[in-house]
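**Q**
Chains as they are written, first to last, in our numbering: chain A, 1 to 318; chain B, 1001 to 1602.
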């Protein structure tokens, strides 16, 4: 047998900071996390940005649900809103533009013990990452995806976004955008998302309520949260803000959340549109499907160490 | 069959049997004829008979139909390449006859299906020994009218078994194993077809052959293809998650992992595209256990941005590139080694990563394990760059000691006191990540990111940190370079010509060295497995030779050197380094290498 130039090695995990073992800590002895425990870097967003409110409510969710630091997993792509993981004191990843969903799927599918939250903007979700949005929804990978939709590209300073309304004047459409905007609700329902909800940053209680419901959903839960860009698109969502003379119409109480067609109809109106859970059904998750394939396959080999499973295959190749 | 002792057939008597130490058999037909299956049986039989074996095949990229060949070289001694010329050509159609007669050595045997091959030029009859049999009709006779083209391959296998006195019980067992689990009638029909072929007297043959006993006596051999070996190597290495998108010739690896990983508690996910698959693999790797993605040429191009992220965030990852002819869609089913540049440099910014190339099927298995270990030890993406020349080739090799080699790389979630993944003061200079789910007692949690960052992973615009972190990412791979084993020269360490090979070219290059030395020429070779970083000390090896020729399957490029030759020239500024390149979509023939050496040393 050839000798490996690089045999398997036990690796130290923390470099020079591995300062001895840490005593176990029983859940009962752990103090509930407060906002100060989960806040990390000071957000780089512009004063007045809608994203602050989403972050504050994420902290509130962590506090309310008594989550522990290490069980919080925050993933994002690229964009203003995608800076999110830096502001949360927890394991997090800031991935490349548009690909937060497949990255998060890798975490979710290989680590079923974690609930992954993905935060991003409309460009990440519906433009560069449009393909991944469709397929992650279709596969029903367990995670919560919160799109902070501001209808504009903010980080790159005012270009047309896939949700910019027709006529929106940006640096790339000085005469006004002419492309039909994407309707995030319709997109999510058509793609097969099993939890589709809409909220807005100016109604904190509603945001929290939707986040909780999304987190409790077993599957791909999608939230569109209107989040105003005060710098480049101020007033975009005034129509959905009663304090600015707009309205906040809730999803009607008699709406059947399992009725796909009714959910689609609810999505017709873009501004102010409806707020609440449009669609919610139970369908096997990708995670559950994979777990089932694994358990079926493991039945035959349960008692065997890995090398003997491989040996069985190799013996057939003699 | 060089040592064949020719014995004239007795008039009317059975053909003589000659002892041979090796033979190259080429089978040519269409892709739906099951030609690869016969080749596979022959290779497996050779493996079980303690022979060395190496195969070569071409498959058309069309969905069904189109010419297909399988060449198998079986030897009692060491077999380094699939052989330049065939000793026996079996052809099913006129087009296979015409297309491959040129690959037969002068005086070689052409066994053809006279139901389809009708035109034989008289001058060919004097050059080669022709044996025409109505194979298609004989198959119908052997297994009944329903079989038609279906049993033709197995019938032909019977003929070959007869011609080479192969071990019938072992072949019967192989056929039974192959069709196990199907309707028992399928195996019965296959054996009937085989027996039909085997019972043919081959009276038209002047001689029949028998292999001398193999030199690997008592060796427990295993027979598989390069893609299979690579996939099983990843499993042995402890990889339990992968993601990919179908593309030839990478798909075999993903299909195998999809099927096998669940047995080990793992998953392989088919993604919507190449970018999703690399992203998903990186996500899983960050989740705590090195994951794999892979592709071929065009797909690798799509993955480069995400690989750059893994370099920046220093997340371990294994990426398999089964090279094919490029650029763009190129030559999907042909061999080429033209992805070295994208493997080493694909991506924007300074993004050092590891590139390793296996050289044989056996090496695919062990390289996969090493790739995983390097990825973990240096917290880096590792690209395994293989090629069509190994991917679809079947070889026999010694059964690995799986109980010793299989690894457990389960992540460790023990809480830690504190953690800085990008610790600039780490004694080994290497980043270590904590899997999410690990408690950090200090309450300070790290972030992984594509932005330039500080030691905790938080973004920074500090020029000083960018300098330090860039150096950190570079230096850890320099350290790896210093740890790499310096390759041994094949042949004497001094001479006129040093041939350099990488990837699948190793075998043909070493065979070229043997032939050149037998002819009295001072030729040696050096195989480079670790391509980025390269091991240190190669310049000392080059000093022993007047010429250094890098033999690779890619274009000479704008400046006259292949991709590895250009890298070596850039590193060593040595004008005696020159390139021997070609892009005809086929593996190297030993003759081609020697001819080029002759011209370049004149």
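Virtual Cβ for every residue (Gly too), placed ideally from N, Cα, C.
#1: Using C-beta distances below 7 Å, list every residue in its chain close to residue 1424/B, excluding the 5 sequence neighbours before and after it, in chain order.
#2: For a contact meaning CB atoms closer than 7 Å, what does residue 175/A contact in chain B?
#3: Is it right to say residue 1036/B is buried, meaning 16 or more other beta carbons lie within 10 angstroms of its own, or is it exposed?
#4: At the 8 Å Cβ level, is residue 1267/B part of the contact set with chain A, yes or no?
#5: How many Å lie between residue 1434/B and residue 22/A at the Cα?
#6: Quick check on residue 1438/B - is its C-beta less than 8 Å from some C-beta in chain A?
#7: If the cut is a Cβ gap below 7 Å, which residues of chain B does residue 86/A touch?
#8: At 9 Å on the CB atoms, spell out the chain A contacts of residue 1337/B, in chain order.
#9: Of all the CB atoms in chain C, is at least one closer than 8 Å to the CB of residue 1573/B?
#10: Going by the beta-carbon positions, is the gap between residue 1532/B and residue 1336/B smaller than 8 Å?
#11: Which bits of chain B does residue 41/A rub up against, with CB to CB less than 7 Å?
#12: Assuming residue 1030/B is part of the alpha helix (DSSP H), what are its boundary residues?
#13: Which whole-angstrom value describes the C-beta separation of residue 113/A and residue 1437/B, a residue pair presumed to lie in contact below a C-beta threshold of 8 Å?
#14: Considering just the uninterrupted stretch of the beta strand (DSSP E) at residue 1207/B, what are its terminal residues?
#15: What residues of chain A sit near residue 1271/B, judged by a beta carbon separation below 7 Å?
#16: Can the beta-carbon of residue 225/A be found closer than 8 Å to that of residue 201/A?
#17: Would you say residue 294/A reaches chain B, if we count a Cβ-Cβ gap shorter than 8 Å as a contact?
#18: Starting from the N-terminal side, write out each stretch of the alpha helix (DSSP H) that is 4 residues or longer and does not extend beyond the region 130-192 of chain A.
#19: Say whether the region 1233-1240 of chain B touches the region 1248-1267 of chain B, bearing in mind that this needs 3 or more beta-carbon pairs closer than 8 Å, one atom from each stretch.
#20: Starting from residue 115/A and walking both ways along the beta strand (DSSP E), at which residues does that stretch end?
#21: On the three-state DSSP scale, how would you describe residue 296/A?
#22: Let's see if you can read the secondary structure: which residues bound the alpha helix (DSSP H) around residue 1398/B?
#23: Shortest alpha-carbon distance to residue 164/A belongs to which of 110/A, 208/A, 293/A, 227/A?
#24: Under the three-state reduction of DSSP, which class applies to residue 1176/B: helix, strand or coil?
#25: Indicate whether the contact test is met: 3 or more Cβ pairs, each with one atom in the region 113-125 of chain A and one in the region 78-89 of chain A, closer than 8 Å.
#26: Using a Cβ-Cβ distance under 8 Å, would residue 1222/B count as near chain A?
#27: For the putative contact between residue 1086/B and residue 1114/B, defined by C-beta atoms under 8 Å, what is the C-beta separation to the nearest angstrom?
#28: Identify whether residue 289/A lies in helix, strand or coil by the three-state DSSP scheme.
#29: So what's residue 1243/B in DSSP terms, helix, strand or just coil?
#30: Verify whether the separation of the beta carbon atoms of residue 1069/B and residue 1057/B is less than 8 Å.
#31: Which of the residues in the region 109-120 of chain A, read from start to end, lie with their CB under 7 Å from any CB of chain B?
#32: Please specify which runs of the alpha helix (DSSP H), each continuous and at least 4 residues long, are wholly inside the region 1573-1599 of chain B, giving them in chain order.
#33: Who are residue 1225/B's beta bridge partners in DSSP?
#34: Let me know the secondary structure DSSP gives residue 225/A once reduced to three states.
#35: Taking 8 Å as the CB-CB cut-off, is residue 1361/B touching chain A?
#36: For the region 209-262 of chain A, list the beta strand (DSSP E) runs that are entirely contained and at least 3 residues long, ordered along the chain.
**A** Taking the definition as stated:
#1: 1455, 1468, 1472
#2: Per Cβ cutoff of 7 Å: no residues; residue 175/A is ~32 Å from chain B at best.
#3: Classification of residue 1036/B: buried, given that the 10 Å Cβ count is 16 or more.
#4: yes
#5: 15 Å
#6: yes
#7: In chain order: 1447, 1458, 1459.
#8: Simply none; closest approach about 22 Å.
#9: The displayed structure is made up of protein chains A and B, and chain C is not among them.
#10: no
#11: 1458
#12: Residue 1030/B -> not in any alpha helix (DSSP H); beta strand (DSSP E) instead, spanning 1022-1030.
#13: Correct: roughly 6 Å between the Cβ atoms.
#14: 1207-1211
#15: 102
#16: In contact: residue 225/A and residue 201/A (Cβ atoms closer than 8 Å).
#17: yes
#18: 130-139, 184-191
#19: yes
#20: 115-121
#21: Shown here, residue 296/A sits in a helix according to DSSP, grouped into three states.
#22: Element bounds for residue 1398/B: not the alpha helix (DSSP H) but the beta strand (DSSP E), 1394-1398.
#23: Comparing alpha-carbon positions, the option among 110/A, 208/A, 293/A, 227/A lying closest to residue 164/A turns out to be 227/A.
#24: It is helical.
#25: yes
#26: yes
#27: About 19 Å separates the two Cβ atoms, so there is no contact after all.
#28: In the three-state scheme derived from DSSP, where H, G and I count as helix and E and B as strand, residue 289/A is classed as helix.
#29: strand
#30: yes
#31: Here the close residues are 109, 110, 111, 113, 114.
#32: none
#33: 1394/B
#34: strand
#35: no
#36: 220-226
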